[in-house]
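Numbering (this note's numbering), first residue to last: 1 to 660.
Following: one structure in structure tokens, then a few remarks.
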Amino acid sequence: MKRVLSLICFFILYHTAGHAVVEIPEWKSVDINHAPKITPGYGMTLKNSRSFYAFFKKIKLNPEYAKKAAGIQSLAACRLGVKELPSQIGQLKNLKHFWLSENNLSSLPDEIRNLHNLKELHLSRNNFAISPEEIEFPKNLVELDLSTNKLTSLPKSIEAMTKLERLSACDNKITSIGIDCKNLKKLRVLSMSGNNLGQLPQEFLDLPNLEFLDISGNNIISLSPAIGTLRNLTTLLLGHNQLTALPDEIAELTKLEHIEIYRNKFSTLPQQIFSLSNITHLHASYMGLPSIPPDIKKLKKIRELELWGNNITSLPPEIAELTEMKFLRLLNNQLTSLPSFIGKLKNLEDLQLGGNRLVSLPAELADLPKLSRITIKENPICFIPNELHGLQNWILRDLDSSVFLDSPPIPIPDEYESIILEEPAQIEWFYDRMVTSKTFRDDVCEKNMNIRCPQLPRNFLPHPPILRTYPGEEEPIWILEVVSEKHLAEIETTMFLDDNFKEAILKTQVLILSNLGLCHIPRFVLECEELKQLFLENNKISFLPKEIGRLRKLELLTLGNNYLFTLPDSMEHLQKLKTIILDNNNFHRIPEEFLALKNLEIISFFENEFRDPEQTLQTLVVEFPNLLHLYVDYDLIAQAANMPYTPRLLELTGIKKDVS
1 MKRVLSLICF FILYHTAGHA VVEIPEWKSV DINHAPKITP GYGMTLKNSR SFYAFFKKIK
61 LNPEYAKKAA GIQSLAACRL GVKELPSQIG QLKNLKHFWL SENNLSSLPD EIRNLHNLKE
121 LHLSRNNFAI SPEEIEFPKN LVELDLSTNK LTSLPKSIEA MTKLERLSAC DNKITSIGID
181 CKNLKKLRVL SMSGNNLGQL PQEFLDLPNL EFLDISGNNI ISLSPAIGTL RNLTTLLLGH
241 NQLTALPDEI AELTKLEHIE IYRNKFSTLP QQIFSLSNIT HLHASYMGLP SIPPDIKKLK
301 KIRELELWGN NITSLPPEIA ELTEMKFLRL LNNQLTSLPS FIGKLKNLED LQLGGNRLVS
361 LPAELADLPK LSRITIKENP ICFIPNELHG LQNWILRDLD SSVFLDSPPI PIPDEYESII
421 LEEPAQIEWF YDRMVTSKTF RDDVCEKNMN IRCPQLPRNF LPHPPILRTY PGEEEPIWIL
481 EVVSEKHLAE IETTMFLDDN FKEAILKTQV LILSNLGLCH IPRFVLECEE LKQLFLENNK
541 ISFLPKEIGR LRKLELLTLG NNYLFTLPDS MEHLQKLKTI ILDNNNFHRI PEEFLALKNL
601 EIISFFENEF RDPEQTLQTL VVEFPNLLHL YVDYDLIAQA ANMPYTPRLL ELTGIKKDVS
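As structure tokens, then:
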């Protein structure tokens with residue numbers, strides 16, 4: 001019996017020596033009949049975890065199946081949720097391409113080193129968080145993808161991969177490379193975006209054949225001048241960092257064709273870029289750039305220019321010299337017009353202009369024979385010229401039904417922003433557009449356009465209800481109460497079109513603009529120089545324009561329940577102001593500009609978060625000699641007990657007893 005047991009043990013050891021197998025829990029319930037059929041020499045895709053474990057279990061138990069599996073050249077096992085890779089992977093001797101992305105793997109079996117023919121290994125979106133010494137990869141890999149794991153440095157075994165050409169370790173937690181790159185002479189593509197490198201790693205400078213480098217999203221503050229040694233680079237991705245400048249040495253990258261610098265902190269396009277004469281793709285979006293420098297003309301070979309999310313208001317004439325341009329993306333800027341020279345970009349295929357302030361499109365767009373896509377969503381487009389009717393199928397889907405397709409409803413503003421409306425139809429259109437489109441109205445008001453109607457028919461416009469009077473001491477007082485946003489729009493529009501109406505409005509002495517949700521004071525208010533009382537409470541106003549100083553007859557100003565935290569210098573001109581209400585704003589201290597209002601008799605500062613209550617109260621009590629009434633929170637007053645100014649404070653606030 002002992003001899004039989006010994007033989008059994010020997011048999012077991014003999015067949016498992018060198019092939020130690022950790023029993024994987026999932027195997028217990030897996031039926032090997034679920035293992036997929038093998039076609040040697042071809043690829044295989046494992047579609048679920050059951051077929052995954054059945055495949056490797058059958059390799060272990062069925063020698064004939066294992067022999068066929070050894071001929072597989074390509075294996076895909078993605079999105080299966082598997083946590084372990086069985087050691088039988090080492091038996092797939094002819095495997096060249098292996099995809100294991102989007103699983104829950106945190107380690108690999110030692111047997112994977114036996115895959116000497118493996119060229120590609122994809123391990124993205126797993127749970128690898130190993131130290132550099134804990135994992136060994138096949139040395140003959142040409143491509144390795146470790147993206148979206150939890151690595152803090154690169155595995156040490158990568159140093160020996162002398163045939164490696166493509167390496168990706170994006171979206172990990174890598175702060176330093178941790179390996180010697182001197183043996184990676186064949187590496188051409190290196191993707192390290194979405195880590196926390198902080199700078200260009202010195203190790204990368206040992207990669208003379210590098211053609212593609214992605215270090216976007218790494219909190220890099222400055223770029224080492226040594227970048228100039230990577231002279232085979234054709235693509236350099238630097239987006240989403242903290243760069244404010246580029247080193248002059250970047251000009252030595254004469255083969256560079258594609259550069260991305262979006263979401264950095266450049267105040268203008270870096271001058272060094274214009275020395276890169278082979279650039280075909282420039283991405284410089286989301287940096288608040290105010291303009292496109294004229295030197296853009298030096299990029300003669302550029303085919304894709306991406307400048308989304310900046311503050312560009314116009315295109316320079318030099319753009320017309322970029323005749324190789326195919327894709328021009330200018331979404332979410334501040335463009336108010338598209339120049340006619342856009343028609344010189346004969347190779348343009350894709351033009352993206354959404355989210356700007358365009359009111360028209362130039363007829364020259366019809367001169368672009370290759371244009372196959374144009375987007376203009378979120379623009380206040382008012383018309384498109386006849387020449388563009390052939391583009392209507394693209395354009396109309398981005399426009400609302402109020403757009404005129406035959407001719408401009410109103411003339412285009414001249415160089416002085418003047419518009420003359422001579423036809424009743426034009427006046428009607430302009431009035432309706434102003435009243436119904438806040439974007440259009442804001443644009444007209446901001447540009448302070450001069451709108452003239454020399455032949456305006458008498459009583460042609462539907463004048464909104466406006467002024468009423470009540471008896472004054474010497475003459476009637478003119479009162480204007482605006483009751484809605486639409487009412488305000490009607491008033492502003494009629495003022496643009498009717499000089500007599502405007503003259504009447506500017507006589508207003510009491511103006512009520514409460515509860516309208518205003519974010520700024522309407523422009524016409526600042527022209528009402530006869531104003532004595534201005535009510536602006538319950539809005540969303542965060543600042544007062546300097547023009548408020550024009551209202552020199554103002555005696556009462558209410559600004560409660562807004563978002564104010566400071567006041568303009570021009571407040572000093574309001575020397576007739578006797579009452580000011582600033583309740584429930586965002587004041588943390590008394591603004592210095594406020595101290596110029598020496599004739600104030602009533603001040604109300606309820607519900608503001610003053611950081612120095614004693615100093616605040618002292619300022620209010622001492623600095624305003626004519627003050628009769630002061631309204632502030634009681635808990636603020638309570639903090640000023642037994643101060644030299646306390647008796648005067650109690651008198652002004654109407655509190656008779658000791659607050660201590």
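Just so you know, even glycine gets a beta-carbon here, dropped at the ideal spot from N, CA and C.
| Item | Value |
| --- | --- |
| Tell me the start and end of each unbroken beta strand (DSSP E) in the region 154-190 that is at least 3 residues and wholly inside, in chain order. | 166-168 |
| Less than 8 Å between the C-beta atoms of R125 and E102, yes or no? | yes |
| If distances are taken between C-alpha atoms only, which option among P201, K67 and N347 comes closest to G692? | Because residue 692 is not part of the residues shown, which for the chain are 1 to 660, the question remains open. |
| Less than 8 Å separating the beta-carbons of N562 and E601? | no |
| Could you pull the start and end residues of the alpha helix (DSSP H) that H520 belongs to? | Segment: none, H520 is in no alpha helix (DSSP H) and carries neither H nor E. |
| Does S401 come out as helix, strand or coil in the three-state DSSP assignment? | Residue confidence is low: S401 scores 46 on pLDDT, short of 50, so the model does not pin down where it sits. No coordinate-derived value is stated. |
| When the Cα of L551 is compared with those of S542, L516 and L506, which residue comes out closest? | L506 |
| Would you please state the rounded distance, in angstroms, between the beta carbons of L564 and N539? I believe it to be under 8 Å. | With a Cβ gap of about 10 Å, L564 and N539 do not count as contacting. |
| Take A363 and list the residues in its own chain whose beta-carbon comes closer than 6 Å to its own, dropping the five residues that flank it on each side. | P385 and E387 |
| Using DSSP with H/G/I as helix, E/B as strand and the rest coil, what is F110? | Note on residue identity: the sequence assigns Asp, not Phe, to residue 110. The answer is helix: DSSP assigns D110 an H, G or I state. |
| Pull up the distance between the alpha-carbon of A366 and that of G343, whole angstroms please. | 7 Å |
| Could you say which of T280, S216 and L230 lies nearest to E203 if we only look at CA atoms? | L230 |
| Run the CB neighbour count on L237, radius 10 Å, all protein chains shown included, and call it buried at 16 or more, exposed below. | buried |
| When DSSP labels each residue in this structure, what does V510 get in the three-state scheme? | strand |
| By a C-beta neighbour count over all protein chains shown, 10 Å radius and 16 as the cutoff for buried, is T612 buried or exposed? | Sequence inspection shows Asp at residue 612; the Thr mentioned does not correspond to that position. The residue in question, D612, is exposed, as its Cβ has fewer than 16 Cβ neighbours within 10 Å. |
| Helix, strand or coil for Q533, going by three-state DSSP, please let me know. | strand |
| Under the assumption that L151 contacts A169 (Cβ atoms under 8 Å), give the Cβ distance between them as a whole number of angstroms. | 6 Å |
| Look at the alpha carbon of D248 and the alpha carbon of P225, and state the distance between them as a whole number of angstroms. | 7 Å |
| Need the endpoints of the beta strand (DSSP E) that T45 sits in, please. | G43 to T45 |
| Measuring straight from C-alpha to C-alpha, what distance separates L269 and I292? | 7 Å |
| From the DSSP output, in three-state form, read off Q352 for me. | strand |
| Can you say whether S193 is buried or exposed, counting buried as having 16 or more other CB atoms within 10 angstroms of its CB? | buried |
| Helix or strand or just coil, what does DSSP make of N450? | strand |
| Taking only the alpha-carbon atoms, compute the straight-line gap between R373 and N104 and give it to the nearest angstrom. | 42 Å |
| Using 8 Å as the threshold, is the C-beta distance between L554 and K576 below it? | yes |
| By Cβ distance, which residues of its chain are closer than 6 Å to A54, with the 5 residues on each side in sequence left out? | V30, I32, H34 and A35 |
| Output the distance between the C-alpha atoms of N379 and I319, rounded to the nearest integer angstrom. | 22 Å |
| Spell out the partners DSSP gives Y631 in its beta bridges. | S604 |
| Between E260 and T234, is the Cβ-Cβ spacing less than 8 Å? | no |
| Distance, Cα to Cα, K163 vs E120? | 11 Å |
| Pull up the CB-CB distance for L223 and A251, whole angstroms please, since I reckon it's below 8 Å. | Rounded, the Cβ-Cβ distance is 13 Å, inconsistent with contact. |
| Compute the Euclidean distance between the alpha carbons of S514 and D633, then round it to the nearest angstrom. | 23 Å |
| Helix, strand or coil for L322? Go by DSSP, reduced to three states. | coil |
| Quick check on DSSP: helix, strand or coil for L338? | coil |
| Going by beta-carbon coordinates alone, are E537 and T566 separated by less than 8 Å? | no |
| Assuming contact is defined by CB atoms lying nearer than 8 Å, are L628 and T653 in contact in what I supplied? | no |
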